[in-house]
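J.: Same order as they appear, the protein sequences are chains A and B.
Last residue of the first sequence: 185 (this note's numbering), numbering continuous.
Last residue of the second sequence: 185 (this note's numbering), numbering continuous.
Quick one: structure below, then a few questions.
There are 2 protein chains.
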Amino acid sequence: MLRPLPATAWAVLGILSFDRELSGYQVKRWADASLTFFYWSPAISQVYGELKRLEELGFVEGRDVAEEQRTTRVYRITESGRTALTRWLEDAPVEPPVLKHSVLLRLWLGHLSTPDRLRQVAQRHREQTEEVLADLTSSERKAEQEPDWEFPAMVLRWGERYYRNELALTDELLRELDGFEDRG
Amino acid sequence: MLRPLPATAWAVLGILSFDRELSGYQVKRWADASLTFFYWSPAISQVYGELKRLEELGFVEGRDVAEEQRTTRVYRITESGRTALTRWLEDAPVEPPVLKHSVLLRLWLGHLSTPDRLRQVAQRHREQTEEVLADLTSSERKAEQEPDWEFPAMVLRWGERYYRNELALTDELLRELDGFEDRG
DNA sequence: CGTTGCATGTAAGGTGTTACATGATTAC
DNA sequence: GTAATCATGTAACACCTTACATGCAACG
Numbered sequence: 002m003l004r005p006l007p008a009t010a011w012a013v014l015g016i017l018s019f020d021r022e023l024s025g026y027q028v029k030r031w032a033d034a035s036l037t038f039f040y041w042s043p044a045i046s047q048v049y050g051e052l053k054r055l056e057e058l059g060f061v062e063g064r065d066v067a068e069e070q071r072t073t074r075v076y077r078i079t080e081s082g083r084t085a086l087t088r089w090l091e092d093a094p095v096e097p098p099v100l101k102h103s104v105l106l107r108l109w110l111g112h113l114s115t116p117d118r119l120r121q122v123a124q125r126h127r128e129q130t131e132e133v134l135a136d137l138t139s140s141e142r143k144a145e146q147e148p149d150w151e152f153p154a155m156v157l158r159w160g161e162r163y164y165r166n167e168l169a170l171t172d173e174l175l176r177e178l179d180g181f182e183d184r185g
Numbered sequence: 002m003l004r005p006l007p008a009t010a011w012a013v014l015g016i017l018s019f020d021r022e023l024s025g026y027q028v029k030r031w032a033d034a035s036l037t038f039f040y041w042s043p044a045i046s047q048v049y050g051e052l053k054r055l056e057e058l059g060f061v062e063g064r065d066v067a068e069e070q071r072t073t074r075v076y077r078i079t080e081s082g083r084t085a086l087t088r089w090l091e092d093a094p095v096e097p098p099v100l101k102h103s104v105l106l107r108l109w110l111g112h113l114s115t116p117d118r119l120r121q122v123a124q125r126h127r128e129q130t131e132e133v134l135a136d137l138t139s140s141e142r143k144a145e146q147e148p149d150w151e152f153p154a155m156v157l158r159w160g161e162r163y164y165r166n167e168l169a170l171t172d173e174l175l176r177e178l179d180g181f182e183d184r185g
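This is the structure we're talking about:
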């Protein structure tokens with residue numbers, strides 16, 4: 002335990018910090034519905050792996066729940082896990098956000114293509130951003146209904162502003178591309 | 002070559018597409034000065050690895066340049082590399098940008114801490130963003146001087162707007178945190 | 001004379017994905 | 001009945017970083 006845990010482990014533990022007993026599968030769905038907007042949603046296989054590690058560290062407790070034909074393993078955060086998570090939140094160095102924007106990577110190489118093709122790429126990105134925004138606002142409506150979800154709601158509002166800005170920036174790029182002569 | 006190359010390989014090849022013969026070390030410095038704002042800058046060891054792979058694929062050509070006491074290996078993009086890169090740019094599916102914002106991850110878990118501590122995290126993030134903006138504007142000045150760098154310049158302008166918005170969003174978060182009662 | 005920059009790489013190991021394997025349940 | 005969802009995991013492998021090893025050059 003000398004090595005610090007990756008942020009993904011804290012993210013999984015964080016999902017459990019909202020005081021629900023969840024299966025690995027449910028953790029993944031929560032990640033898809035919230036984390037994905039500002040962090041990213043780990044693969045389901047990684048979720049199982051992180052839960053295993055967190056259990057070995059004593060940060061979560063697993064319990065097999067018998068259903069009719071099968072058993073589901075559900076996890077709950079421990080006091081020790083809550084303490085460790087709080088410590089990470091408050092004390093870990095603030096790493097700058099990681100952005101891997103392959104659309105911009107492509108526009109950066111615009112000299113290899115034509116403004117028309119580049120506009121198609123930007124336009125496709127714009128559509129995908131609209132879709133993310135739609136998912137976000139639907140998540141927001143759910144979060145507003147729950148009590149004690151002030152912070153997730155605050156982060157979702159942040160996300161809405163972030164993705165609206167992404168749309169605006171893309172529109173600005175589309176306008177700039179209009180100004181480039183088609184040399185293809 | 003059935004498996005598509007990772008975006009990082011295209012990024013390295015892209016740096017070489019500006020028609021300069023560069024050493025691995027120089028590629029890394031270019032990445033730090035431009036890519037890093039909208040994609041991310043790979044570790045120097047990975048740059049060497051990618052250059053090796055690109056050479057095996059025939060997308061770049063390496064050449065040993067003898068200097069006084071040592072030789073430096075410099076790379077140049079090939080016609081085949083330029084074609085492949087253009088094809089990637091135009092034809093590869095538009096993957097959504099990946100954002101891993103650990104600051105937001107922490108605010109999302111605000112119920113574990115106090116508004117005061119959270120403000121410190123947000124404030125630290127704000128300072129780091131200011132630093133990125135300073136680097137960005139200095140890169141912008143350089144890009145404006147070079148001819149045929151319209152697209153890198155366009156992307157840098159995008160970056161300036163992006164990071165200015167990041168500041169604005171952080172300020173908004175700081176304001177919202179002021180509204181939360183200190184329950185710590 | 002020690003630190004920083006230039007310069008190149010290998011090795012080890014962690015992070016994370018896709019593919020695979022398995023099986024129950026639910027909806028069309 | 002068959003497709004999607006619920007549910008759990010393993011194995012293989014790609015991606016990427018840190019640490020290590022090496023050595024020259026320039027600056028103070």
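No residue lacks a Cβ here, since even glycine has one placed at the ideal position from N, Cα and C.
First and last residue of the alpha helix (DSSP H) that includes D179 of chain A?
T.: On the first sequence, residue 179 of chain A is found 178 positions in, with the first residue counted as 1. E151 to G180 is the span of the alpha helix (DSSP H), which, as asked, contains D179 of chain A.
J.: Can you check whether the CB of H102 of chain B is closer than 8 Å to the CB of T171 of chain B?
T.: Here residue 171 of chain B corresponds to residue number 170 of the second sequence, with the count starting at 1. Here residue 102 of chain B corresponds to residue number 101 of the second sequence, with the count starting at 1. For T171 of chain B and H102 of chain B, no; Cβs fall outside 8 Å.
J.: For L168 of chain A and T130 of chain A, which I take to be in contact (beta-carbon distance under 8 Å), what is that distance rounded to the nearest angstrom?
T.: As a first step, residue 168 of chain A must be located in the first sequence, where it is residue number 167. As a first step, residue 130 of chain A must be located in the first sequence, where it is residue number 129. Right, their Cβ atoms sit about 5 Å apart.
J.: Below 8 Å on C-beta distance, what does S18 of chain A contact in chain B?
T.: Taking the first sequence and counting its residues from 1, the one referred to as residue 18 of chain A is at position 17. Going along chain B in sequence order, the residues near S18 of chain A (Cβ under 8 Å) are L110, H112 and L113.
J.: Just verifying my parser: in three-state terms, what is the DSSP assignment at L6 of chain A?
T.: Position 5 of the first sequence, counting from 1, holds the residue named residue 6 of chain A. In the structure shown, L6 of chain A sits in coil (DSSP, three-state: anything other than H, G, I, E or B).
J.: How would you label S81 of chain B, buried or exposed, when you count the other beta carbons within 10 angstroms and need 16 or more for buried?
T.: Here residue 81 of chain B is taken as the residue at index 80 of the second sequence, counted from 1. Per the 10 Å Cβ criterion, exposed.
J.: What is the DSSP secondary structure of R64 of chain A, reduced to helix, strand or coil?
T.: Counting from 1 along the first sequence, the entry for residue 64 of chain A is found at position 63. R64 of chain A: strand per DSSP, three-state reduction.
J.: Taking C-beta to C-beta, are V156 of chain B and W109 of chain A nearer than 8 Å?
T.: Position 155 of the second sequence holds residue 156 of chain B. Position 108 of the first sequence holds residue 109 of chain A. The answer is yes: Cβ separation under 8 Å.
J.: Do you know how far the Cα of Y40 of chain B is from the Cα of V48 of chain B?
T.: The residue labelled residue 48 of chain B in the question sits at position 47 within the second sequence. The residue labelled residue 40 of chain B in the question sits at position 39 within the second sequence. If you take the alpha carbons of V48 of chain B and Y40 of chain B, they lie about 14 Å apart.
J.: Please determine, among B:Y76, B:E182, B:L106 and B:H112, the residue with the shortest C-alpha to C-alpha distance to Q27 of chain B.
T.: Within the second sequence, the letter at position 26 stands for residue 27 of chain B. Closest by alpha carbon: B:Y76.
J.: Comparing the C-beta of P5 of chain B with each C-beta of chain A, is any distance below 8 Å?
T.: The residue labelled residue 5 of chain B in the question sits at position 4 within the second sequence. Not closer than 8 Å to any Cβ of chain A, the Cβ of P5 of chain B fails to qualify, so no.
J.: Are the CB atoms of A93 of chain B and F60 of chain B nearer to each other than 8 Å?
T.: On the second sequence, residue 93 of chain B is found 92 positions in, with the first residue counted as 1. On the second sequence, residue 60 of chain B is found 59 positions in, with the first residue counted as 1. No, the Cβ-Cβ distance between A93 of chain B and F60 of chain B is not below 8 Å.
J.: Have a look at A:R107, A:S139, A:K143 and A:R165 and flag the residue whose alpha-carbon is nearest the alpha-carbon of E128 of chain A.
T.: Taking the first residue of the first sequence as 1, we reach residue 128 of chain A at position 127. When each option's Cα is compared against that of E128 of chain A, the closest is A:R165.
J.: Take P7 of chain A as the anchor and find which of A:G50, A:S18, A:P153 and A:R21 has the nearest alpha-carbon.
T.: As a position in the first sequence, residue 7 of chain A is number 6, starting the count at 1. It is A:G50.
J.: Ignore the nearest five residues each way along the sequence and tell me which others in S114 of chain A's own chain have a CB closer than 6 Å to its CB.
T.: To locate residue 114 of chain A, count along the first sequence from 1; it is residue 113. Closer than 6 Å at Cβ, skipping near neighbours: no residue.
J.: With 9 Å as the limit, tell me which residues of the stretch 75 to 96 of chain B have their beta carbon closer than that to any beta carbon of chain A; keep them in chain order.
T.: Against chain A - using a Cβ distance shorter than 9 Å - the residues of the stretch 75 to 96 of chain B are R83, L86, T87, W89, L90, E91, A93, P94, V95 and E96.
J.: So, with DSSP's three-state summary, where would you put R74 of chain B?
T.: By 1-based counting over the second sequence, the position of residue 74 of chain B is 73. R74 of chain B: strand per DSSP, three-state reduction.
J.: Starting from the beta carbon of Y164 of chain B, find every residue of chain A whose beta carbon is closer than 8 Å, and list them in chain order.
T.: The sequence position of residue 164 of chain B within the second sequence is 163, counting from 1. Within 8 Å Cβ-Cβ: nothing; Y164 of chain B doesn't reach chain A, min ~10 Å.
J.: Determine the burial state of V66 of chain A: buried for a count of at least 16 other Cβ atoms within 10 Å of its Cβ, exposed for fewer.
T.: Numbered from 1 along the first sequence, position 65 holds the residue referred to as residue 66 of chain A. Exposed.
J.: In whole angstroms, what separates the C-alpha of Q124 of chain A from that of R71 of chain A?
T.: Position 123 of the first sequence, counting from 1, holds the residue named residue 124 of chain A. Position 70 of the first sequence, counting from 1, holds the residue named residue 71 of chain A. Distance between the alpha carbons of Q124 of chain A and R71 of chain A is about 47 Å.
J.: Could you name the residues that DSSP lists as bridge partners for K101 of chain A?
T.: The residue you call residue 101 of chain A lines up with position 100 of the first sequence. Looking at the DSSP assignment, K101 of chain A forms a beta bridge with B:V99.
J.: Am I right that G63 of chain A and E56 of chain A are in contact with their C-beta atoms under 8 Å? What's the rounded C-beta distance?
T.: In the first sequence, counting from the first residue as 1, residue 63 of chain A sits at position 62. In the first sequence, counting from the first residue as 1, residue 56 of chain A sits at position 55. With a Cβ gap of about 5 Å, G63 of chain A and E56 of chain A count as contacting.
J.: In three-state DSSP terms, what is S114 of chain A?
T.: By one-based count along the first sequence, residue 114 of chain A stands at place 113. Correct three-state label for S114 of chain A: coil.
J.: My output table needs one value for S18 of chain B: the three-state DSSP class, helix, strand or coil.
T.: Start at 1 with the first residue of the second sequence, and residue 18 of chain B comes out as number 17. Coil at S18 of chain B, not helix or strand.
J.: Roughly how many whole angstroms lie between the Cα atoms of W89 of chain B and S140 of chain A?
T.: Reading the second sequence from its first residue, position 88 is the one you call residue 89 of chain B. Reading the first sequence from its first residue, position 139 is the one you call residue 140 of chain A. If you take the alpha carbons of W89 of chain B and S140 of chain A, they lie about 34 Å apart.
J.: Should F39 of chain A be flagged as near chain B, meaning a C-beta pair shorter than 8 Å?
T.: Here the question's residue 39 of chain A lines up with position 38 in the first sequence. Answer yes: the Cβ-Cβ gap between F39 of chain A and chain B drops below 8 Å somewhere.
J.: Select from A:Y163, A:R107, A:I78 and A:W31 the residue whose C-alpha is nearest the C-alpha of V13 of chain B.
T.: The count along the second sequence starts at 1 and reaches residue 13 of chain B at position 12. Taking only the C-alpha atoms, the option nearest V13 of chain B is A:R107.
J.: Is R142 of chain B close to chain A, meaning its C-beta is less than 8 Å from at least one C-beta of that chain?
T.: Indexing the second sequence from 1 puts residue 142 of chain B at position 141. No, R142 of chain B lies away from the interface with chain A (no Cβ there is under 8 Å from its Cβ).
J.: Measure from the C-beta of W159 of chain B to each C-beta in chain A and report whether the shortest distance is under 8 Å.
T.: Position 158 of the second sequence, counting from 1, holds the residue named residue 159 of chain B. Chain A contact via Cβ: present.
J.: A144 of chain B: which of B:L23, B:R120, B:A34 and B:R4 sits nearest, CA to CA?
T.: Working through the second sequence from its first residue, we reach residue 144 of chain B at position 143. Nearest C-alpha to A144 of chain B: B:A34.
J.: Applying a beta-carbon distance threshold of less than 8 Å, which residues of chain A neighbour E151 of chain B?
T.: Position 150 of the second sequence holds residue 151 of chain B. Near E151 of chain B (Cβ distances below 8 Å), the residues of chain A are G111, H112 and F181.
J.: Taking C-alpha atoms, which residue in A:L137, A:R4 and A:R118 lies nearest to L178 of chain A?
T.: If you number the first sequence from 1, residue 178 of chain A lands on position 177. Comparing Cα positions, the closest option is A:R118.
J.: Do L137 of chain A and F38 of chain A have their CB atoms nearer than 8 Å?
T.: Position 136 of the first sequence holds residue 137 of chain A. Position 37 of the first sequence holds residue 38 of chain A. Contact flag set, yes.
J.: Quick one: what does DSSP say S42 of chain B is sitting in, helix, strand or coil?
T.: As a position in the second sequence, residue 42 of chain B is number 41, starting the count at 1. DSSP places S42 of chain B in coil when its eight states are reduced to three.
J.: DSSP on S24 of chain A, reduced to helix/strand/coil?
T.: As a first step, residue 24 of chain A is located in the first sequence; it is residue number 23 there, counting from the start. Here S24 of chain A sits in strand by DSSP.
J.: Run the CB neighbour count on G160 of chain A, radius 10 Å, all protein chains shown included, and call it buried at 16 or more, exposed below.
T.: Position 159 of the first sequence holds residue 160 of chain A. The residue in question, G160 of chain A, is buried, as its Cβ has 16 or more Cβ neighbours within 10 Å.
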